[in-house]
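Number of protein chains: 2
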Amino acid sequence: MKIALDAMGGDHAPSAIVEGALEAVREFDEVEIILVGNEHAILGELAGKNVPAGRIEIAHASEVVEMGESPMAAIRKKKDSSIKKTVDLVKSGQARAAVSAGHSGVAMALGLLVLGKSEGVDRPAIAALMPTMKGPFVLLDGGANVDCSPINLFQFALMGHAYSKHILGRPDPKVALLSIGEEASKGNELTKEVFKLLKGSGLNFIGNVEGKDIFQGKADVVVCDGFVGNIVLKTSEGLAEMVVKMLKMEIASLTMGRLGYLFVKGALRGFKKKTDYAEYGGAPLLGINGTCIISHGRSTSKAIKNAVRVACDSVKKNLDEVIRNDIAAMQLKIPSIKGGGVAAV
Amino acid sequence: MKIALDAMGGDHAPSAIVEGALEAVREFDEVEIILVGNEHAILGELAGKNVPAGRIEIAHASEVVEMGESPMAAIRKKKDSSIKKTVDLVKSGQARAAVSAGHSGVAMALGLLVLGKSEGVDRPAIAALMPTMKGPFVLLDGGANVDCSPINLFQFALMGHAYSKHILGRPDPKVALLSIGEEASKGNELTKEVFKLLKGSGLNFIGNVEGKDIFQGKADVVVCDGFVGNIVLKTSEGLAEMVVKMLKMEIASLTMGRLGYLFVKGALRGFKKKTDYAEYGGAPLLGINGTCIISHGRSTSKAIKNAVRVACDSVKKNLDEVIRNDIAAMQLKIPSIKGGGVAAV
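Chains as they are written, first to last, in our numbering: chain A, 1 to 345; chain B, 1001 to 1345.
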């Protein structure tokens, strides 16, 4: 299975991306990778490495979208960017999925513009995995749509349900709505409407969950708008970083600090592994015609390898078709949930 | 200075509250406490304790609002609740400030209904303190108002600025808007409007901050609506708890686990102290005529003692008057910022 990988996207590109591609082809037998980007730079990274024969190819792209650029301007101006070509390869059928750790707004917009929305989906959503004591849950939308309608959030729930069931293998995913109190009456105008829709959906809807509950693993799918979702993701990332830093400082300040650190190092490492975004690889953009995985800008080679795994899984399990079917079935059941509204970008 | 303290509110009431009152009168010379609630239960808690003469009195209240009750129904039905009487004592002038760790929705509604909104304030807001590597910042609104207008958020910024300057002693507080990207163009419809208002306000506005930035201490005041604020507060609480639990488990799983824990215990304790909500005591409800401190439901005696300190500080520094003056001055400068809109509840 061919996966197009944006070799120029991310803080550690192209080295971490090329290294991740090598790790992926070594670990996953069925995978072939098309590295998209500056051919010269990519060849430089591959030089001297043990590259399995016929498993990696290069598609040259002359431009790179930088992190600070406005998505729409970057798409208009840079017609030969690595991120654009990565998605184009999926559109033309030369690759089955696209993976990029580059500008997430651009990846999202290109996924939508080039591949198009799935039938029945009003707004594609970013499905981010977050850690809990009992394994990860899916939070969506992770930031694709800032202002949402109740039907948008309802569709996010359906897409998250499909992802949890088919990719994460949860038999009957528990779906929850992120709010500020457990009762149906708690929340803002948006969540109160979504609560009613989810209540009557036949999904395994467990009601509202609060911020403090999500890390206890009460839900498999947590639904919110992209503004709230992005703030939850980034707040969690910032807090986890601060906690580890503060603990290191506290340990260093103890009389037996150095010795103590030797003991704790292993624990900190184990903790990091359990909460590491790199284990999850990347967040799929759900609700488009095709597979597009958006990886963290800081992606290491391991994160890239895992993003390729997520891409493969999504293709093999026909995730976009499953989502289309689930939404069509729900539209038959609740005719007011009609897709085809305004695009996200 | 007399402070009315709801003795029946919170998970550990009345014992932690009564103990907190005793700690407060021992530590703060100018404080006298009126413990409000079931006289028999309070006397039981005081029995055998060293109660400083004339520093603690009891105001009997026959009812208690339970955590699960609907705020409006509880206020309508329980006319003699401890939380109601606590706020009433401020209204009648018998106490200078109210402190409660009970039902926060009820405390908020009573603060608003009994004491009334400050002139020029459309919506009172909960100002919560959050830890960073460089000391705490104020996040508001922490959950008083779920659906907000741009002017509401602008007024939150003014109130947070006053709190940061006069209570936390920051000379020129840096005010930021919580959003999903640093550029003015990033955010939802609400934040984009608020950005413009803050930009032209003359406040030390540092622009948008993202969730990952808030714990780095970039801002002294972080403004958002109460839905987002409550989710940020509770997500942070839940994540910090999970982190400490996971680290303990990781340490226990190490070969030298027990020994390691001895080293780390001090560090975990130091970390906990730095991030402990109990150090901050409680979140003031800003924008009402009077001082009302809303404490965490899980408040320990230390949290209550610190909430009494915050209440005293706010009274001594005339916080509500400062806020009124700041808002009046801003209304002269930007006449479109006109107070007097719809009530929060």
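Cβ coordinates follow ideal geometry from the N, Cα and C atoms, glycine included. Small disclaimer: the values here were computed from a predicted structure and weren't measured.
Worksheet item: With a CB to CB cut of under 8 Å and the five nearest residues on each side skipped, what residues in its chain are close to Phe28 (chain A)?
Response: For the purposes of this step, residue 28 (chain A) is taken as residue 28 along the first sequence, with counting starting at 1. Cβ within range, chain order: Val308, Arg309 and Cys312.
Worksheet item: Going by DSSP, which residues form a beta bridge with Ala1291 (chain B)?
Response: Translated into positions along the second sequence, residue 1291 (chain B) becomes position 291. Checking the displayed sequence, the identity of residue 1291 (chain B) turns out to be Thr instead of Ala. Within the DSSP bridge table, the entry for Thr1291 (chain B) names B:Ala1097 as partners.
Discussion item. I need the straight-line Cα distance from Leu112 (chain A) to Glu23 (chain A), nearest angstrom please.
Written reply: As a first step, residue 112 (chain A) is located in the first sequence; it is residue number 112 there, counting from the start. As a first step, residue 23 (chain A) is located in the first sequence; it is residue number 23 there, counting from the start. Looking at the backbone, the Cα of Leu112 (chain A) and that of Glu23 (chain A) are separated by about 29 Å.
Fill in: Neighbour list for Met1067 (chain B) in chain A, Cβ cutoff strictly below 8 Å
Mapped onto the second sequence, residue 1067 (chain B) falls at position 67. Contact note: Met1067 (chain B) does not reach chain A at a C-beta cutoff of 8 Å; the least C-beta distance is about 11 Å.
Discussion item. Rounded to whole angstroms, what is the Cα-Cα separation between Asn1145 (chain B) and Thr86 (chain A)?
Written reply: Working through the second sequence from its first residue, we reach residue 1145 (chain B) at position 145. Working through the first sequence from its first residue, we reach residue 86 (chain A) at position 86. Rounded to whole angstroms, Asn1145 (chain B) and Thr86 (chain A) show a C-alpha spacing of 44 Å.
Practice prompt. Determine, using beta carbons only, whether Pro1071 (chain B) and Ala1109 (chain B) come nearer to each other than 8 Å.
Written response: Position 71 of the second sequence holds residue 1071 (chain B). Position 109 of the second sequence holds residue 1109 (chain B). In this structure, the beta-carbon distance from Pro1071 (chain B) to Ala1109 (chain B) falls below 8 Å.
Item to complete: Would you identify the three-state DSSP class for Val1175 (chain B), choosing helix, strand or coil?
Response: Here the question's residue 1175 (chain B) lines up with position 175 in the second sequence. In this structure, Val1175 (chain B) counts as strand in the three-state DSSP scheme.
Worksheet item: DSSP three-state call for Pro284 (chain A): helix, strand or coil?
Response: If you number the first sequence from 1, residue 284 (chain A) lands on position 284. Here Pro284 (chain A) sits in strand by DSSP.
Fill in: Distance CB(Pro1173 (chain B))-CB(Ser1179 (chain B)) smaller than 8 Å
Taking the second sequence and counting its residues from 1, one reaches residue 1173 (chain B) at position 173. Taking the second sequence and counting its residues from 1, one reaches residue 1179 (chain B) at position 179. Not in contact: Pro1173 (chain B) and Ser1179 (chain B) (Cβ atoms no closer than 8 Å).
Fill in: For Ile3 (chain A), three-class secondary structure by DSSP
Working through the first sequence from its first residue, we reach residue 3 (chain A) at position 3. Looking at Ile3 (chain A) - three-state DSSP - the assignment turns out to be strand.
Discussion item. Suppose you measure from the CA of Met1246 (chain B) to the CA of Phe215 (chain A); what does that come to, to the nearest Å?
Written reply: In the second sequence, residue 1246 (chain B) corresponds to position 246, counting from 1. In the first sequence, residue 215 (chain A) corresponds to position 215, counting from 1. Between Met1246 (chain B) and Phe215 (chain A), the C-alpha separation is close to 11 Å.
Worksheet item: Who are the Cβ neighbours of Ala1343 (chain B) in its own chain at under 6 Å, not counting the five residues just before and after it?
Response: By one-based count along the second sequence, residue 1343 (chain B) stands at place 343. Residue confidence for Ala1343 (chain B) is low, a pLDDT of 39 falling below 50, so the modelled location carries little weight and cannot support an answer.
Worksheet item: When DSSP labels each residue in this structure, what does Ile1151 (chain B) get in the three-state scheme?
Response: Position 151 of the second sequence, counted from the first residue, corresponds to residue 1151 (chain B). The DSSP-derived three-state label of Ile1151 (chain B) is helix.
Discussion item. So if I threshold CB-CB distances at 9 Å, which residues from the stretch 1171 to 1202 of chain B count as touching chain A?
Written reply: When CB distances to chain A are screened at a threshold of 9 Å, the residues of the stretch 1171 to 1202 of chain B falling below it are Leu1178, Ser1179, Ile1180, Gly1181, Glu1183, Ser1185, Lys1186, Gly1187, Asn1188, Glu1189, Leu1190 and Thr1191, in chain order.
Worksheet item: Hey, quick one: how far does the beta strand (DSSP E) through Gly1037 (chain B) stretch, first residue to last?
Response: For the purposes of this step, residue 1037 (chain B) is identified with residue 37 of the second sequence, where counting begins at 1. For Gly1037 (chain B), the uninterrupted beta strand (DSSP E) segment begins and ends at Glu1032 to Gly1037.
Worksheet item: Taking the alpha-carbon positions, what's the Val232 (chain A) to Met8 (chain A) distance?
Response: Residue 232 (chain A) sits at position 232 when you count from the first residue of the first sequence. Residue 8 (chain A) sits at position 8 when you count from the first residue of the first sequence. Val232 (chain A) and Met8 (chain A) have their C-alpha atoms some 28 Å from each other.
Discussion item. Just to make sure I have the definition right: I need the residues of chain A whose C-beta is within less than 9 Å of the C-beta of Leu1233 (chain B). Which are they?
Written reply: The residue given as residue 1233 (chain B) occupies position 233 in the second sequence. In chain order: Gly211 and Lys212.
Practice prompt. Would you tell me roughly how many angstroms separate the C-alpha atoms of Leu1129 (chain B) and Leu286 (chain A), rounded to the nearest one?
Written response: Position 129 of the second sequence, counting from 1, holds the residue named residue 1129 (chain B). Position 286 of the first sequence, counting from 1, holds the residue named residue 286 (chain A). Leu1129 (chain B) and Leu286 (chain A): Cα-Cα distance of roughly 37 Å.
Fill in: Cut-off 7 Å between Cβ atoms - residues of its own chain near Ala1157 (chain B), not counting five sequence neighbours on either side
Along the second sequence, one-based indexing puts residue 1157 (chain B) at 157. If we look at Ala1157 (chain B) and ignore the five residues flanking it on each side, its Cβ neighbours are Val1175, Leu1198, Leu1203, Val1221 and Val1223.
Discussion item. When you compare the CB of Leu1112 (chain B) with every CB in chain A, is at least one pair closer than 8 Å?
Written reply: In the second sequence, residue 1112 (chain B) corresponds to position 112, counting from 1. The C-beta of Leu1112 (chain B) comes no closer than 8 Å to any C-beta of chain A.
Fill in: Cross-chain neighbours of Ala240 (chain A) in chain B, by beta carbon under 8 Å
Looking up residue 240 (chain A) in the first sequence gives position 240. Using a Cβ-Cβ cut-off of 8 Å, Ala240 (chain A) is close to Leu1239 and Val1243 of chain B, given in chain order.
Worksheet item: Which bits of chain B does Val106 (chain A) rub up against, with CB to CB less than 8 Å?
Response: In the first sequence, the residue the question calls residue 106 (chain A) occupies position 106. In chain order: nothing, as chain B lies at least about 13 Å away.
Worksheet entry | For Ala127 (chain A) and Ala4 (chain A), believed in contact at Cβ under 8 Å, the rounded distance | Locating residue 4 (chain A) in the first sequence gives position 4, counting from the first residue. Locating residue 127 (chain A) in the first sequence gives position 127, counting from the first residue. At roughly 20 Å, the Cβ-Cβ gap does not stay under 8 Å, so Ala4 (chain A) and Ala127 (chain A) are not in contact.
Worksheet item: With respect to the beta strand (DSSP E) encompassing Val1138 (chain B), which residues constitute its N-terminal and C-terminal limits?
Response: Position 138 of the second sequence holds residue 1138 (chain B). Unbroken beta strand (DSSP E) run through Val1138 (chain B): Phe1137 to Leu1140.
Fill in: Proximity test, Cβ basis, 8 Å: Ser1299 (chain B) and chain A
Along the second sequence, one-based indexing puts residue 1299 (chain B) at 299. Cβ-Cβ to chain A under 8 Å: no for Ser1299 (chain B).
Worksheet item: Around the C-beta of Ser1185 (chain B), are 16 or more other C-beta atoms found within 10 angstroms, so that it is buried, or is it exposed?
Response: Within the second sequence, the letter at position 185 stands for residue 1185 (chain B). Ser1185 (chain B) counts as exposed, since fewer than 16 other C-beta atoms from the protein chains shown sit within 10 angstroms of its C-beta.
Item to complete: Can you pull the chain A residues whose beta carbon is under 9 Å from the beta carbon of Phe1227 (chain B), in chain order?
Response: Numbered from 1 along the second sequence, position 227 holds the residue referred to as residue 1227 (chain B). Ordered by position in chain A, the residues that pass the 9 Å Cβ test against Phe1227 (chain B) are Ser179, Ile180, Gly187, Asn188, Leu190, Thr191 and Val228.
Worksheet item: CB-CB under 7 Å to Pro1136 (chain B), same chain, minus the five flanking residues each way: which ones, in chain order?
Response: In the second sequence, residue 1136 (chain B) corresponds to position 136, counting from 1. Excluding residues within five positions, the ones whose Cβ falls inside 7 Å are Leu1129, Met1130 and Tyr1280.
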